[in-house]
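S.K.: Sharing a structure with you now.
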Amino acid sequence: MSSIQVRPATLRDAKAIAQIHTASAQAAYKGLVPDEQLKSMSSVDKRQAYWREAIEYCEPQVQVAIDGEKIVGFVGYDRSRDEKSRPTTGEIWAIYAAPTHWNQGVGLALWDAARDGLQEEGCTNVTAWVPLRNERAIRFHELAGFKQELSTAKTNVIGGVKIEEVRLKRPITN
């Protein structure tokens, strides 16, 4: 039985979110991007500033996963940022679990919370952009019912690093 609880993020959570974002990205991209580029993605301070602003302005909406008293993951979601997307299309902007909590139900609990939040906002579909080489993330999204839209592959620059991404999509309800 999972002890994971999910709640809306507060400004006090920004540092923990930034630390999880950094640690998880570094673990996920080790061996996929050069070490030098991996270092350039390691600024907790920059991420903390980003997540403080996101939480303060609810763009995206941010929820955290708690195990006991400790934040072990987070999800940011809102309307799709893609041009020409319908107003009923939501997007998972970011979903991360602390590497110490991978494969323990954190991602699923966060996905459930994001799906419920998007459904309350009137969304009928949801998308997520996932790095093509991040097999763990693609597998997670596919297990959650997302399907790859291969024609959407693009190169995105994240922290000065070029990363090939593909959009995945699914209906909010199945």
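Quick note: the sequence shown uses our numbering, first residue 13, plus one each step.
Just so it is clear, CB atoms sit at the ideal spot from N, CA and C, and this is done for glycine as well.
Report buried or exposed for Y69, applying the criterion of at least 16 other Cβ atoms within 10 angstroms of its Cβ.
M.R.: exposed
S.K.: In whole angstroms, what separates the C-alpha of K96 from that of A106?
M.R.: 21 Å
S.K.: Determine which residues share a DSSP beta bridge with V169 and list them.
M.R.: K174
S.K.: When the Cα of L130 is compared with those of I83, I104, Q116, which residue comes out closest?
M.R.: Answer by Cα proximity: I104.
S.K.: Just reading off the beta strand (DSSP E) that G85 is part of, what are its end residues?
M.R.: The continuous beta strand (DSSP E) containing G85 extends over residues 82-91.
S.K.: Mind checking V84: buried by the 16 CB within 10 Å criterion, or exposed?
M.R.: buried
S.K.: Comparing alpha-carbon positions, which option in P20, S36, V56 lies nearest A30?
M.R.: For A30, the nearest C-alpha among the options comes from V56.
S.K.: For T136 versus P72, is the C-beta distance shorter than 8 Å?
M.R.: no
S.K.: Could you round the C-beta distance between V142 and M53 to whole angstroms and report it? I think they count as a contact, below 8 Å.
M.R.: Contact flag wrong, Cβ pair sits at about 16 Å.
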